[in-house]
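I have placed the structure first, in the form of structure tokens, so that the comments after it can refer back to it.
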DNA sequence: GCGAGTATTGGGAGCGCTCCCACTGGGAGC
DNA sequence: GCTCCCAGTGGGAGCGCTCCCAATACTCGC
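Protein chains in written order, with the UniProt record's numbering: chain Z, 1 to 337; chain W, 1 to 337.
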């Protein structure tokens, strides 16, 4: 325990004294508020510079009842779901938008019960001015916590079951439909789906899009082969598909990871892509470009998702009542289909 | 601007009143401090439950001069460097370790001058109890800011030029050496390096490891072909290499992205991997497994890097003086070499 | 030259919590 | 029986800032 000299930061009162003004004036000058004469304003600025004064955000937060921070909560029982580059891009977008509103970003990975409890307390105690919630499972206790905490909350993607008041989502149904229609338009008639976990809204929505397109084309949809959004699960699903439906000629994978897995399984089984089997993914992450062959996939504006969530939250915090947003997704054609 | 009823949170004083104790006692009871009789402690707990009281973290922070948050700062002029899954894993590790110390994580992407300035202010104003700094370029103003802010700072990876007092790094030199030695041990004699940006310490260290191994084996090192850690730059570097040294039979790529790019360029040039040219990468990210052929690479404990940074920071915050840490990296052999 | 405004100014009461400190009332020790 | 010690208690002074409000200074029109 090294006892370091705790040398305190200069406070507003010291600025006050050095500049020869009252605390109110100093405060106004520092916050660029009106009702400060030019002379005093400059005196304050000089004192601030001389002292190296920086306002204490905690004290300010206590007085204004605003923390100046927004929380981004990523839920899921396995912290590694966060390793998905998807979230990194969401963060990039959200971070940029929050910065515009001069808010800081608190990142909460709510994987364990303990951390979920911490997040709940953070929200209830108004430790942040608002929160963005992502990847909520069915019955996720976080959803209830968010409701109890009386602070602005924006959902990223809709949770299963309920439709929250404020959310930003991607048009998963439309994207999946477009992908499937594309496969059909290229003459594929035996198109299967490798879908993601059907206990998530994304998983369901993308399957729904696939199904809609198949039915609309008069093709009976295959039974969905369920994966869990990971590459290995995609490979396994593809293998199962090949076993059950050897004549499959098209595959809609509910995300790129599983699409990549499917490609690997197809390669292993000696099927040519796209000649024998065409494959389409979803997400348009880096893996889609690296895959061999490069994966035709549905691009979704991930950074925009983060950005819009943050903007919606900022609007909410400032007392407005924004409307939910559904961002478009569109097909990017590459070699795999 | 909807005027919502601002219904305030219950405060300690309300608990105090309901429980019929003094503020001191209530505070002690809530913080599990000693000097509280069993009876009063229970009375307080009851009142807390009844009121749904949650301590206000801001007020607590002001009184204790501790914010209960640690900042993770990722620097770089392009926010997209953050999209590298590398950071996501660091965050997972750091987040878990911070949680153990009951600290929240503030994530700061310092891409623009404006955001760097904000980060500087955050640190100087002690808006966080400590900070973890990553990916500092040469002359990064953040390094100076961190020094001026008198709060605990831990570096993730060493910045170019200086060796900070506290840091956690990966043994890049050792890992690169091991990778190169492996190529040499497999009979490769014309081993080239596709190195990362040489204005970063990682880039330099990995090149140094390659060079050491080559010299130790009595092989003259090739001139480094510099990339920028991206897949395309790896492909371009490989193409250049093939043009200048058509007889190259081994490649050490300073990260997996560039390794994947090299594989693509080799495939394009009709070279077989590993028969004609063996390739080794660095990082062991998902892309290494997805690559075709799967990339032999140097695994580094990324989550551990984040975890150890956070632990070191926690130690620092609690007044200890931890020693810098260098985490081991080791080769993972796959098909590419 | 005078009253009505309008622009500045500074005092002071919070914001909700921690923690020092002075005080009380028993046991334990002798 | 009388100190001494200490668990238990509550009062109150901050932590550093914002912001309401009353007080003062200046302006302008007539």
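Note that CB positions come from ideal geometry on N, CA and C, so glycine has one too. Remember, predicted model here, so these are calculated numbers, not experimental data.
Residue 126(Z) is classed as buried because its beta carbon has at least 16 other beta carbons within 10 Å across all chains shown.
According to the DSSP assignment, residue 207(Z) belongs to the alpha helix (DSSP H) that extends over 201 to 216. Counting along the chain, no alpha helix (DSSP H) covers residue 253(Z); the unbroken beta strand (DSSP E) around it starts and ends at 250 to 253. The C-alpha of residue 197(Z) is placed about 42 Å away from the C-alpha of residue 30(W). Pairing residue 139(W) with residue 111(W) gives a Cβ-Cβ distance that is not under 8 Å. DSSP places residue 225(W) in the strand class (E or B) of the three-state scheme. Using a 10 angstroms sphere on the CB of residue 100(W), the tally of other CB atoms stays under 16, which defines it as exposed. Along the stretch 100 to 122 of chain Z, the positions whose C-beta sits under 9 Å from a C-beta of chain W are 102, 104, 105, 106, 107, 108, 109, 111, 112, 114, 115, 118, 121, 122, read in chain order. Between residue 217(Z) and residue 184(Z) the beta-carbon gap is near 5 Å, inside 8 Å, which marks them as a contact. Using a Cβ-Cβ cut-off of 8 Å, residue 92(W) is close to 79, 80, 82, 83, 109 of chain Z, given in chain order. Cβ contact annotation for residue 232(W) (same chain, cutoff 7 Å, sequence separation greater than five): 261, in chain order. Contact between the stretch 83 to 91 of chain W and the stretch 48 to 63 of chain W is absent, with fewer than three C-beta pairs closer than 8 Å.
Contact between residue 193(W) and residue 222(W) holds, with the beta-carbon distance rounding to 6 Å and staying under 8 Å.
Under the three-pair Cβ rule at 8 Å, the stretch 142 to 149 of chain Z does not count as touching the stretch 264 to 280 of chain Z. DSSP, reduced to helix, strand and coil, places residue 279(Z) within a strand of the structure shown. Contact between residue 195(Z) and residue 182(Z) fails: their C-beta atoms lie close to 17 Å from each other, not under 8 Å. Apart from sequence neighbours up to five positions away, the residues of its chain that approach residue 124(W) with a beta-carbon distance below 6 Å are 149, ordered along the chain.
When the beta-carbon positions are compared, residue 296(Z) and residue 334(Z) come within less than 8 Å of each other.
In the pairwise beta carbon analysis, the stretch 320 to 337 of chain W is classified as touching the stretch 157 to 177 of chain W: at least three pairs are separated by under 8 Å. Annotation for residue 58(Z): the continuous alpha helix (DSSP H) segment containing it runs 57 to 64. 8 Å or more divides the Cβ of residue 225(W) from the Cβ of residue 243(W). The beta-carbon of residue 59(W) is placed less than 8 Å from the nearest beta-carbon of chain Z. Listed along chain W, the residues sitting closer than 7 Å to residue 292(Z) by beta-carbon distance are 292.
Chain W has a Cβ within less than 8 Å of the Cβ of residue 287(Z).
A straight-line Cα-Cα distance of about 38 Å links residue 94(Z) and residue 43(Z). Judged by DSSP secondary structure, residue 155(Z) falls within the beta strand (DSSP E) whose first and last residues are 153 to 156. For residue 48(W), the three-state secondary structure derived from DSSP is helix. Below the 8 Å Cβ cutoff, chain W contributes 121, 124, 125 as neighbours of residue 54(Z), in chain order. Between residue 214(W) and residue 191(W), the CB-CB gap stays under 8 Å. Cβ atoms of residue 69(W) and residue 128(W) come within 8 Å of each other, at about 5 Å. For residue 142(W), no Cβ of chain Z is located within less than 8 Å of the residue's own Cβ. Going by beta carbons, residue 15(Z) and residue 36(Z) fall outside the 8 Å limit. In terms of beta-carbon proximity, residue 231(Z) lines the interface with chain W, with at least one pair separated by less than 8 Å. DSSP places residue 70(Z) in the uninterrupted beta strand (DSSP E) bounded by 69 to 75.
Here residue 80(Z) is exposed. Its C-beta has fewer than 16 other C-beta atoms within 10 Å. Counting only runs of at least 3 residues, the stretch 123 to 207 of chain W fully encloses the following beta strand (DSSP E) elements, listed from N- to C-terminal order: 130 to 134, 153 to 156, 167 to 170, 191 to 195.
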